[in-house]
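S.K.:
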Amino acid sequence: MVNSNLEGFYKKNFNARQKEIIKKAGLSSKEAKMLKNSGSLDSGLLDKMIENTIGIFELPLGIANYFKINGKDYLIPMAIEESSVVAAASNGARMARETGGFKTKSSKPLMIGQIQLVNVKNAAKTKKLIQKNSGKLLKLANLQDKTLVKFGGGAKKIEIRNIGAKMLVVHLIVDVRDAMGANAINTMCEVLAPEIEKLTGEKTRLRIISNLAVHRLAEAKAKWKQKTLGKDVIKGIIEAYNFAKNDPFRATTHNKGIMNGVAALTIATGNDFRAIEAGAHAFASLKGKYKPLTKFYKDKKGDLIGEIVLPVQFGLVGGTTKIHPKAQLCLKILKVKNAQELGEVAAALGLAQNFAALRALASEGIQKGHMKLHAKNIAMMAGAKNKEIEKVSKKLVNSGQISFDMAKRILKELRGK
Ligand code: MEV
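Residue numbering for the sequence shown follows this note's numbering, starting at 1 and increasing by one per position.
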């Protein structure tokens, strides 16, 4: 049994930490070599990014193709472990291309910072005092980030919410431009809190960004031809949408499929995928019931229209995006000019992803395509190497029984030959 009490572990340098874990966990020399390969992230960078670093964890990086958004073509980088997600997104985009691709728009990059006031004695008076002094408070907030203000961003508005239980919450609305916004907002909130205490005589407690980015939304819309899909598939997609609209159990999976694409782009661009996920799911339940993030309907000609609205707290400056060399490389492939455009690409990607999943689910089912792609993983799990992988996966698909046992049997036969 290992002892997890690694005294002073965090103070050790990267190599010493690696060495300690290799020894403690009894890693083989092959495993140790694998751990020591840190790809594009050198140990100096890794040490600055998180604590107690011992290496990296890789994900496949794929490119979703066929995307046309507002008339511009994009190659979308996706970092994801699940097979068939990249293929599905590309497929959805290819079919939308027939009608000109995706049309998108988005709001300004406005994020919310929250300052909690607790045990409020006089809510009405406190609210009035904060409102009266909001100009002064906004000025003070903006002194914290002059660069943001220089680029047209900064604290724009103060709102006060009474959430009951003797609590008031001050919302500081900040235009964060090309940043995700957490750092700027948290700093502003921490500076404003004591000022608010002085002004009101009330007590503040939490001062933190809200990841429910309701003011930072991207929308995407696309049309898929009846001629291409067929009447019955369109009917099936609309039925699938209605299923999600009326059942949170289905809506969760529906939205998970959307986030397959969105999260993969989020990771590839070095963005905070937990923030994007949390924001998306909370937004989906904003009206009191968990709902699908997309909607589907037929136009007069019987073609299928799909729409999505998504909160998009993406950044291009600050944070990991700027320091992670692969994130920079992915952004070079993607070629977006600002965070708002990145958000719109995410919305289009989420819509394509969802369309492709619903199309498959409403017709042949998801497993046919998925298992075909998954067959390679199973072949590798069974021990297939190099050229064997393709051979085993092909035989697996042909056998109609894509299982681990079958893969082992095929591999054994192949090697026996
Ligand atoms: C699998 O990762 C995603 C799907 O389940 C999404 C959906 O059901 O809509 C296929």
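The beta-carbon is built from N, C-alpha and C at its ideal position, and this holds for glycine as well.
All values reported here derive from a predicted model rather than from experimental measurement.
Residue range of the beta strand (DSSP E) that residue 200 falls in?
M.R.: Within the sequence shown, numbered from 1, the residue matching residue 200 stands at position 200. No beta strand (DSSP E) holds residue 200; the alpha helix (DSSP H) holding it covers 182 to 200.
S.K.: Determine the burial state of residue 56: buried for a count of at least 16 other Cβ atoms within 10 Å of its Cβ, exposed for fewer.
M.R.: In the sequence shown, counting from the first residue as 1, residue 56 sits at position 56. Answer is exposed; the Cβ neighbour count stays below 16.
S.K.: How big is the Cα-Cα spacing for residue 230 and residue 214?
M.R.: As a working note, residue 230 is residue 230 in the sequence shown. As a working note, residue 214 is residue 214 in the sequence shown. Roughly 36 angstroms separates the two Cα atoms.
S.K.: Does the region 323 to 330 come close enough to the region 293 to 306 that 3 or more CB-CB pairs lie under 8 angstroms?
M.R.: Taking 8 angstroms as the limit for Cβ pairs, the verdict is that the region 323 to 330 does not touch the region 293 to 306.
S.K.: Assuming residue 209 and residue 182 form a contact by the criterion Cβ under 8 angstroms, report the distance between their Cβ atoms to the nearest whole angstrom.
M.R.: Along the sequence shown, read from residue 1 onward, the residue named residue 209 stands at position 209. Along the sequence shown, read from residue 1 onward, the residue named residue 182 stands at position 182. Sure, about 5 angstroms apart at Cβ, within 8 angstroms.
S.K.: Going by CA-CA distance only, name the one from 153, 350, 142 that's closest to residue 89.
M.R.: Against the sequence shown, residue 89 aligns to sequence position 89. Among 153, 350, 142, the Cα nearest to that of residue 89 belongs to 350.
S.K.: Would residue 339 pass as a contact of residue 178 if the rule is Cβ separation under 8 angstroms?
M.R.: Working through the sequence shown from its first residue, we reach residue 339 at position 339. Working through the sequence shown from its first residue, we reach residue 178 at position 178. Yes.
S.K.: By alpha-carbon positions, which one of 318, 227, 372 ends up nearest to residue 147?
M.R.: In the sequence shown, residue 147 corresponds to position 147, counting from 1. Closest option to residue 147, Cα to Cα, is 318.
S.K.: Residue 98 lies in the alpha helix (DSSP H); which residues open and close that run?
M.R.: Taking the sequence shown and counting its residues from 1, the one referred to as residue 98 is at position 98. Where residue 98 is concerned, there is no enclosing alpha helix (DSSP H), given that its DSSP letter is neither H nor E.
S.K.: Rounded to whole angstroms, what is the Cα-Cα separation between residue 402 and residue 259?
M.R.: Along the sequence shown, one-based indexing puts residue 402 at 402. Along the sequence shown, one-based indexing puts residue 259 at 259. Answer to the nearest angstrom: the Cα atoms are 26 angstroms apart.
S.K.: Determine the burial state of residue 232: buried for a count of at least 16 other Cβ atoms within 10 Å of its Cβ, exposed for fewer.
M.R.: The residue given as residue 232 occupies position 232 in the sequence shown. Exposed, since its Cβ has fewer than 16 Cβ neighbours within 10 Å.
S.K.: Nearest-angstrom Cα distance between residue 157 and residue 256?
M.R.: Taking the sequence shown and counting its residues from 1, the one referred to as residue 157 is at position 157. Taking the sequence shown and counting its residues from 1, the one referred to as residue 256 is at position 256. Using only the alpha carbons, I get a separation of about 33 angstroms.
S.K.: Check for me: the alpha helix (DSSP H) holding residue 294 runs from which residue to which?
M.R.: Within the sequence shown, the letter at position 294 stands for residue 294. It is not in any alpha helix (DSSP H) - residue 294 instead sits in the beta strand (DSSP E) that spans 294 to 298.
S.K.: Using CA coordinates, which residue listed in 82, 81, 61 is at the minimum distance from residue 75?
M.R.: On the sequence shown, residue 75 is found 75 positions in, with the first residue counted as 1. Answer by Cα proximity: 61.
S.K.: Mind checking whether the beta-carbon of residue 211 lies closer than 7 angstroms to any heavy atom of the ligand MEV?
M.R.: Numbered from its first residue, the sequence shown carries residue 211 at position 211. Checking every heavy atom of the ligand MEV against the Cβ of residue 211, none is found closer than 7 angstroms.
S.K.: Buried or exposed, going by whether 16 or more other CB atoms sit within 10 Å of the CB of residue 355?
M.R.: Within the sequence shown, the letter at position 355 stands for residue 355. Answer is buried; the Cβ neighbour count reaches 16.
S.K.: Around the Cβ of residue 117, are there at least 16 other Cβ atoms within 10 angstroms (buried) or fewer (exposed)?
M.R.: For this step, residue 117 is matched to residue 117 along the sequence shown. With 16 or more other Cβ atoms within 10 Å, it is buried.
S.K.: What does a CB cutoff of less than 6 angstroms around residue 161 pick up in its chain, not counting 5 residues either side in sequence?
M.R.: Here residue 161 refers to the residue found at position 161 when the sequence shown is read from its first residue. 169, listed in sequence order.
S.K.: Give the range of the alpha helix (DSSP H) segment to which residue 395 is assigned.
M.R.: Along the sequence shown, read from residue 1 onward, the residue named residue 395 stands at position 395. Run containing residue 395: 387 to 399, per the alpha helix (DSSP H) assignment.
S.K.: Counting pairs of beta carbons, one from the region 84 to 98 and one from the region 183 to 192, are three or more of them closer than 8 angstroms?
M.R.: Touching, no.
S.K.: Quick one: using the 10 Å Cβ neighbour count with 16 as the cut-off for buried, is residue 50 buried or exposed?
M.R.: Here residue 50 is taken as the residue at index 50 of the sequence shown, counted from 1. By the 10 Å Cβ count, residue 50 comes out exposed.
S.K.: Could you spell out where the alpha helix (DSSP H) holding residue 328 opens and where it closes?
M.R.: Start at 1 with the first residue of the sequence shown, and residue 328 comes out as number 328. Taken as a continuous stretch (DSSP letters only), the alpha helix (DSSP H) holding residue 328 covers 325 to 334.
S.K.: Compare the Cα-Cα distances from residue 415 to each of 398, 404, 387, 194 and report the closest residue.
M.R.: Translated into positions along the sequence shown, residue 415 becomes position 415. Nearest C-alpha to residue 415: 387.
S.K.: Could one say the Cβ of residue 282 lies closer than 8 angstroms to chain B's Cβ atoms, at least one of them?
M.R.: Protein chains in the displayed structure number just one, and chain B is not present.
S.K.: Taking the alpha-carbon positions, what's the residue 224 to residue 234 distance?
M.R.: For the purposes of this step, residue 224 is taken as residue 224 along the sequence shown, with counting starting at 1. For the purposes of this step, residue 234 is taken as residue 234 along the sequence shown, with counting starting at 1. The alpha-carbon atoms of residue 224 and residue 234 are separated by roughly 9 angstroms.
S.K.: Just jot down, in chain order, the residues whose CB lies closer than 7 angstroms to any heavy atom of the ligand MEV.
M.R.: Here the list is 82, 85, 253, 254, 256, 257, 260, 354, 357, 358, 361, 366.
S.K.: Do three or more CB pairs link the region 236 to 243 to the region 355 to 372 at distances below 8 angstroms?
M.R.: Yes: the two stretches touch, three or more of their Cβ pairs being nearer than 8 angstroms.
S.K.: Using a Cβ-Cβ cut-off of 6 angstroms (strictly less than) and excluding sequence neighbours within five positions of residue 221, which residues of its own chain qualify?
M.R.: What you label residue 221 is simply residue 221 of the sequence shown in a count that begins at 1. Cβ within range, chain order: 103, 307.
S.K.: Specify whether the region 196 to 204 and the region 270 to 282 touch according to this definition: at least 3 beta carbon pairs, one from each stretch, less than 8 angstroms apart.
M.R.: In short, these stretches do not touch, since the Cβ pair count stays below three.
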